[in-house]
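So the mapping is simple: my numbering equals the position in the sequence shown, first residue as 1, plus 1.
Think of the CB as a built atom: it goes at the ideal place given N, C-alpha and C, for glycine as much as any other residue.
Please read the structure below before turning to the comments.
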Amino acid sequence: MELDRGQRTLFDCSKVVSGGKGGSWVVFSESNIISFRETLLRPESSMHLLLNVLRKLDCYSLQLSDMSRTDIGRAVATVAACHPRPEVAKLASTLLQKWQAQFDAALFTRLEYDCDVAAAAPEGDAAEFKLHAPPPPPPPPPPPPTRIQPPRKDRATRIKEEDAFLDDSEFEGISESDSESEADDWQPAGGRRKSGASGAGSAKKQKS
């Protein structure tokens with residue numbers, strides 16, 4: 002039977018609903034555990050229904066109080082030892098070994114079970130228990146555009162272009178005579194004197 006894309010079978014259920022390593026984020030109640038126990042001990046339950054229940058139990062982080070009040074450990078131990086379908090017995094045995102490493106062996110004594118009725122139970126349809134895979138995350142935003150820098154010119158080319166620019170411009174350098182007159186006109190404290198006054202003062206000195 003082909004499955005639609007984006008869907009997982011019961012054998013992939015733990016990949017979808019289980020929590021972190023050694024823990025579980027699945028919320029459950031004691032009534033859920035009791036309902037699962039009744040389903041496991043009912044020999045008429047279909048194979049895929051039992052697989053679905055066992056997968057859910059594997060996702061739960063049960064405590065000692067949950068095991069002792071519901072007898073769910075005894076139900077799983079009974080299915081692991083008595084169910085005629087190897088798929089169900091194998092999954093139940095795996096879950097049983099996990100629980101036996103955590104709890105006392107007295108919680109896993111077997112109960113009465115009709116193996117002949119279980120052998121005649123229907124296989125069921127796996128499509129009834131398919132889980133939709135979570136939607137893929139949105140694509141990341143596109144990266145910002147990078148500014149393309151022009152290739153840097155070598156030093157000789159830059160000096161040549163600067164010299165050509167200065168030759169073509171109307172910029173005129175400061176002549177030596179202008180610099181001398183500027184120096185003569187300088188006065189302390191930022192003051193300046195007029196060039197005419199300077200000439201008159203020098204003439205008075207010559208007459209004296």
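Residue i, enclosing alpha helix (DSSP H) - first and last residue
{"i": "Q98", "result": "87-101"}
{"i": "S117", "result": "It is worth fixing the name first, because residue 117 is Asp in this sequence and not Ser. Per DSSP, D117 belongs to the alpha helix (DSSP H) from 116-120."}
Pick from the options that is closest to residue i, judged by C-alpha positions
{"i": "A215", "options": "E31, S32, F29, S47", "result": "One cannot answer for residue 215 here, as it falls past the ends of the chain, which runs 2 to 209."}
{"i": "A121", "options": "E88, F37, E39, P44", "result": "P44"}
{"i": "S69", "options": "Y114, P143, E113, I34", "result": "I34"}
{"i": "D59", "options": "K99, C116, R111, F130", "result": "K99"}
{"i": "I113", "options": "R38, D105, L63", "result": "Here residue 113 turns out to be Glu, not Ile, going by the sequence shown. Closest option to E113, Cα to Cα, is R38."}
{"i": "L65", "options": "R56, Q103, P146, P138", "result": "Q103"}
{"i": "C116", "options": "F166, C83, K57, S62", "result": "C83"}
{"i": "D67", "options": "P85, K154, S30, R156", "result": "S30"}
{"i": "L97", "options": "R148, E88, R86, R75", "result": "R75"}
{"i": "P123", "options": "R111, K154, V89, A107", "result": "V89"}
{"i": "E129", "options": "L50, S36, S32", "result": "L50"}
{"i": "G125", "options": "P142, R86, S62", "result": "R86"}
{"i": "L101", "options": "P138, A127, P142, L63", "result": "Note that residue 101 corresponds to Gln in the displayed sequence, not to Leu. Nearest C-alpha to Q101: L63."}
{"i": "T95", "options": "P152, I149, L55, T147", "result": "L55"}
Buried or exposed by the 16-neighbour rule on C-beta atoms within 10 Å, applied to residue i
{"i": "L52", "result": "buried"}
{"i": "G24", "result": "Any reading at G24 must be qualified, since the residue scores a pLDDT of 44, below 50, and its modelled position is unreliable; no value is offered."}
{"i": "D72", "result": "buried"}
{"i": "K161", "result": "exposed"}
{"i": "A93", "result": "buried"}
{"i": "F109", "result": "buried"}
{"i": "L167", "result": "exposed"}
{"i": "K57", "result": "buried"}
{"i": "R156", "result": "exposed"}
{"i": "P144", "result": "exposed"}
{"i": "R111", "result": "exposed"}
*For the segment 35-81, list the alpha helix (DSSP H) runs that are entirely contained and at least 4 residues long, ordered along the chain.*
48-60, 65-71
*Counting Cβ pairs closer than 8 Å, one from the segment 76-87 and one from the segment 34-43, do we hit at least three?*
yes
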